[in-house]
Every structure is written in structure tokens, then in C-alpha cells.
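The block underneath contains the structure these notes are about, expressed in C-alpha cells.
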Amino acid sequence: MSTEIAGDVLPGAPHPREQDRLFGHAAVEADLLGDFRAGRLPHALLIGGPEGIGKATLAYRLARVVLAGGPEAGAHDLSLSPSHPVFRQVASMSHPDMLVLRRAPEAGEEKIPTIIPAEMVRRVRSFFGATAAAGGWRVCIVDAVDELNAFGANALLKTLEEPPPRALFLLITHAPGKVLATIRSRSRLLRLRALGEGDVLAALDHLSTEIGELNAAELPAAAQASGGSVRRALTLARGEGMEVRLATLKALDQLPRPRPEDLHALGTRLQGDRADGLDLFVEAVSDYVAAQATHADVPRHRLVRLGEVWEKVRRSATEADVFNLDRKALVFRIFADLAEAVR
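The structure is reproduced here in C-alpha cells:
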């Protein structure tokens, strides 16, 4: 179980680079393995899709096989034994031919930066300018490209434009359409789909041995409500995750006149320092807004109001998290806006 504080890991869960299993993407793995064996692997893969579906896990699995010079004998996927030296080096971030760009606190700091600093990205040129320590491939993982600012994206682009031999960039993105066009044009887009409910449940069962705080009885419901994201399912299955979601859905079903006592109860559940509950609340509200906005006969004026409410929900939740604002007031404010939008 990971104790890291970083933007690329769910607190309390194993880091993707430590995972020895990947669920739901067998066909993608087979294609990548075939490309590697045939010498057709591109110098840059843009791995896109929703959060929590295994993009980073896939990236680390591919990185391990490439750095090891190929899969183990008889392998039909990108698996590598946890006892393999390369697996251990990647898991400990000590492989000399792997560079990972991610949001992580500087030495002695605890606060996670909001972006991947451009200073970190500038290491790419010197990393690829040196000879590979093991005499083979060098791999750079960016998790996630979405978290580069303009300076960082341009610094990365310089090496992407003229990649050295046997260089591999694995660029993770939650929103491929928002990635800098010049980066997209120099990468092969690998779009991963949200997982099926069965794959999410299988992943939860696998992880439950490492995450002791999961409620085993709620794993099926968490998988069903996950939207195909293992990350979301883990959040739902921990603590009061499912209770927060159900309380939010109950209040949403009462719109445009939710009962004040139910809003009070929901706001009370969201109090505290943990961000999980607030994230689940925002996701449930966002799902509701999306469903309302995509209804076939939604009037144009309501569509505009729903868009405004969606933006306000995201902004207000971010402010509440950053400044530790009162969650109960946030709930009442958001539901007042929702009630006005759906009338």
C-alpha cells in the first residue's frame, strides 16, 4: 500500500508502478506487445481516457517490458514477474533509464504542486542526451500531460520533435482533446475505454488484499456506480463513500424542492478534512447535470443555465477544498442553483 503524497496516486492505494495486474485492456496490451516485437512501437504514445481506468498501470507495464528488452518467455501480454530486477527498479523509481514527470512535493515539502513544474520537464533533454545506462531503451512517463503548463509543454515538445533512437515517451492524459496540438501530432493516440462493471469488480477484489479499509459488502455496488473507473470505485468503497453518493442522489431526486433536512444531513457527511466525500458529491452532481443537459427535449435556456451551474459547482468545490470552507453552506448553495436551473 502506497504512503506517497503525490498527484499520480490515490492515497492509501498501491501506486500503478507497483501493480502486477491490469484489468480490461487485454486487446490493447496484445497490440502493443506485437508492435514492440515487430519494431513498430512509436517513439511517443498518448494514452488517453477517463481517470482511474488503468492508463498509468498500462504505461508502467509497457515501460517495464521495454526496459527489460522484451517480455518473459511465453508471455502473451505485458506482464513481468514482480521478482524481475526491472520490475523492482521501476517500482522503486530507481531504474537509471526511466524518467517520470509528475506532480510531487519537493524535498522537505508536503504540499502537492498544482502543475508539473517546467524545471522538471527540462530534465528530459539531458536524460535523453545521455547514453542509456543499460545500453537499451530510455523511457519517459508523463503523468499527466494535462498537468503541464505552456512552458512545460513546449519544453517537452523540443525533444518530441527530434527523438533520439530507442526513446519512448508514454504520455498519460485524461482529456486528449485538450493536449497541445503539436504534442498530439507527434504522438500516436491510444484511447482506453472505461472498464466494464465486471472488470472493475475484479480489480477491487484484487486490491482488497492490499487496502484493508475497503468494505467488502459494498464492492459490487461501488463497481456498479463507478462509471468504469477503478479509482472512483475505490473511493466509493472506502469510509462513507457509498453513503455520500446515495445521500447526494436522494437530494437530487427531490429537485426542484429538496428537503432541507436531507441537505443538512448531506452537508454534515461532507464536513471534515478528507476530500473524498467532496469529490464524490461533485461527481454525482456533475452526472446529474450531464443527464439533464443531454435530455432530448431540454429547452435552450435550461441548457445554458445547466452549463453555468456545472461551472459553478466545479469552481465552488475547488474553493471549498483549497480554503477548507463550510461544506454544508456549499451544499445549500449548489442545490439552490440546481433548483433554479431545472425549473
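Numbering (numbering that gives the first Met the number 0), first residue to last: 0 to 342. Built from N, CA and C at the ideal position, the CB exists for glycine as well. In this text, all values refer to a predicted model and were calculated from it rather than measured experimentally.
Got a sec? Which residues, its chain only, sit under 6 angstroms from Ser207 by beta carbon, not counting five neighbours each side?
The beta carbon of Ser207 sits closer than 6 angstroms to the beta carbons of Leu213 from its chain, once the five residues preceding and following it are set aside; these are given in chain order.
Between the Cα of Gly306 and those of Leu337, Glu282, Glu318 and Leu324, spot the shortest distance and give me the residue it belongs to.
Relative to Gly306, the option among Leu337, Glu282, Glu318 and Leu324 whose CA is nearest is Leu337.
In whole angstroms, what is the alpha-carbon distance linking Ala236 and Glu217?
Straight through space, the alpha carbons of Glu217 and Ala236 are spaced by roughly 6 angstroms.
Could you have a look at Ile115 and say whether DSSP puts it in helix, strand or coil?
In this structure, DSSP gives Ile115 an extended state, which the three-state scheme calls strand.
To the nearest angstrom, how far is it from the Cα of Thr267 to the Cα of Asn148?
Between Thr267 and Asn148, the alpha-carbon positions lie close to 36 angstroms from each other.
Could you tell me the distance, in whole angstroms, from the CA atom of Glu318 to the CA atom of Leu159?
Looking at the two C-alpha atoms, the distance is approximately 36 angstroms.
Hey, out of Ser91, Glu146 and Asn153, whose CA is closest to Ile111's CA?
Out of Ser91, Glu146 and Asn153, Glu146 has the C-alpha closest to the C-alpha of Ile111.
Based on the DSSP secondary-structure assignment, which residues constitute the bridge partners of Asp145?
DSSP lists no partner for Asp145.
Using CA atoms only, rank isn't needed, just tell me which of Leu248, Gly238, Lys249 and Gly197 is closest to Val229.
Ranking the options by Cα distance to Val229, first place goes to Gly197.
Start and end residues, alpha helix (DSSP H) containing Ala166:
Looking at the DSSP string, Ala166 is not in any alpha helix (DSSP H); the run it does join, the beta strand (DSSP E), is Ala166 to Thr172.
So which of Val65, Gly51, Thr56 and Ala25 has the shortest CA-CA distance to Phe35?
Closest in alpha carbon position to Phe35, among Val65, Gly51, Thr56 and Ala25, is Val65.
Rounded separation between Gly240 and His94 - CA only
The alpha-carbon atoms of Gly240 and His94 are separated by roughly 37 angstroms.
Would a C-beta distance cut-off of 8 angstroms place Arg165 and Arg137 closer than the cut-off?
With a cutoff of 8 angstroms on beta-carbon distance, Arg165 and Arg137 are scored as near each other.
Measure the C-alpha to C-alpha separation of Asp352 and Gly6 and round it to an integer number of angstroms.
Residue 352 cannot be examined here, being either before or after the span of the chain that is shown, 0 to 342.
Spatial distance of Leu45 from Arg342 (CA atoms)
Cα to Cα, the separation comes out at about 42 angstroms.
Selected residue, minimal CA-CA separation from Val99, among Leu79, Glu108, His83 and Arg121
Of Leu79, Glu108, His83 and Arg121, the residue nearest in Cα terms is Arg121.
Alpha helix (DSSP H) containing Arg52: first to last residue?
For the sequence presented, residue 52 should be read as Ile rather than Arg. Ile52 -> no alpha helix (DSSP H), and no H or E assigned at all.
When Gly176, Pro70, Val89 and Leu155 are compared against Phe168, the one with the closest alpha-carbon
For Phe168, the closest C-alpha among the options Gly176, Pro70, Val89 and Leu155 is that of Leu155.
Run the CB neighbour count on His300, radius 10 Å, all protein chains shown included, and call it buried at 16 or more, exposed below.
Flag for His300 reads exposed.
Applying the criterion that 16 or more other CB atoms from any shown protein chain within 10 Å of the CB defines a buried residue, is His294 buried or exposed?
So His294 counts as exposed.
In the DSSP assignment, what are the bridge partners of Ala43?
Paired residue(s): Phe168.
If you pair each beta-carbon of the segment 45-59 with each one of the segment 22-30, do three or more pairs fall below 8 angstroms?
Three or more Cβ pairs closer than 8 angstroms define a contact, and the segment 45-59 meets that threshold against the segment 22-30.
Flag this pair as touching only if the segment 66-78 and the segment 247-267 have three or more C-beta atom pairs under 8 angstroms; answer yes or no.
With fewer than three CB-CB distances shorter than 8 angstroms, the segment 66-78 does not count as touching the segment 247-267.
Buried or exposed: where does Thr130 fall if 16 or more other Cβ atoms within 10 Å of its Cβ makes it buried?
Burial call: exposed.
Quick check on the burial criterion: 16 or more other C-beta atoms within 10 angstroms. Buried or exposed for Phe322?
Exposed, since its Cβ has fewer than 16 Cβ neighbours within 10 Å.
Use the C-beta contact count for Gln223: other C-beta atoms within 10 angstroms, 16 or more gives buried, fewer gives exposed.
Looking at its Cβ environment, which holds fewer than 16 other Cβ atoms inside 10 Å, Gln223 is exposed.
So, helix, strand or coil for Val303, using DSSP?
Three-state result, Val303: helix.
Helix, strand or coil at Met241 according to DSSP, with G and I counted as helix:
The three-state reading of DSSP puts Met241 in helix, counting H, G and I together.
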